[in-house]
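Each residue of the sequence shown is one higher than the last, beginning at 142 in this note's numbering.
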Amino acid sequence: MPLERLWAGWRGEYVAGAAETDAGRCVLCRVVDGGEYILTRGPTCVAVLNAYPYTSGHLMVLPARHVGDVEALTTEESGELWSTLRDGVVALKVAYTPDGLNVGA
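Below, the structure is given as structure tokens:
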């Protein structure tokens with residue numbers, strides 16, 4: 142059965158309450174500074190599980206530094222981000238044997 146519409150209703154509580162916590166702080170910076178969802182931490186990036194995933198294996202790779210645009214990453218950050226993403230893809234394929242993966246920015 143093909144998925145025609147992505148609906149993640151279980152995220153409603155998170156979305157509604159997001160503005161109430163750490164006003165003025167980027168949600169991704171809070172994740173990087175936290176620790177409860179971090180799978181691996183390198184010198185310039187982290188791989189984390191999504192607290193409210195759209196699907197099994199929803200993995201995010203984030204720069205450790207607050208960066209709003211991909212082109213603002215340093216060469217070191219970009220290299221580590223892609224290396225960590227590659228390692229994450231390998232781990233997801235081993236764990237879930239999916240027919241495919243979606244990598245987005």
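Cβ atoms here follow ideal geometry from the backbone N, Cα and C, with glycine treated the same way.
- Cβ contact annotation for Ser224 (same chain, cutoff 7 angstroms, sequence separation greater than five): none.
- Within the same chain, and ignoring the five residues on either side of Val189 in sequence, the residues whose Cβ sits closer than 6 angstroms to its Cβ are Val172, Tyr178, Ile179, Met201.
- The beta carbons of Leu169 and Leu203 sit closer together than 7 angstroms.
- The beta-bridge partner set that DSSP reports for Val189 consists of Ile179, Met201.
- Ala236: member of the alpha helix (DSSP H) spanning 216 to 237, first to last residue.
- Residue burial is scored here from C-beta neighbours: Leu242 has fewer than 16 other C-beta atoms within 10 angstroms and is therefore classed as exposed.
- The C-alpha of Asp174 is placed about 13 angstroms away from the C-alpha of Gly183.
- Just measuring C-alpha positions, the residue of Val230, Ala192, Thr185, Gly176 sitting nearest Val208 is Thr185.
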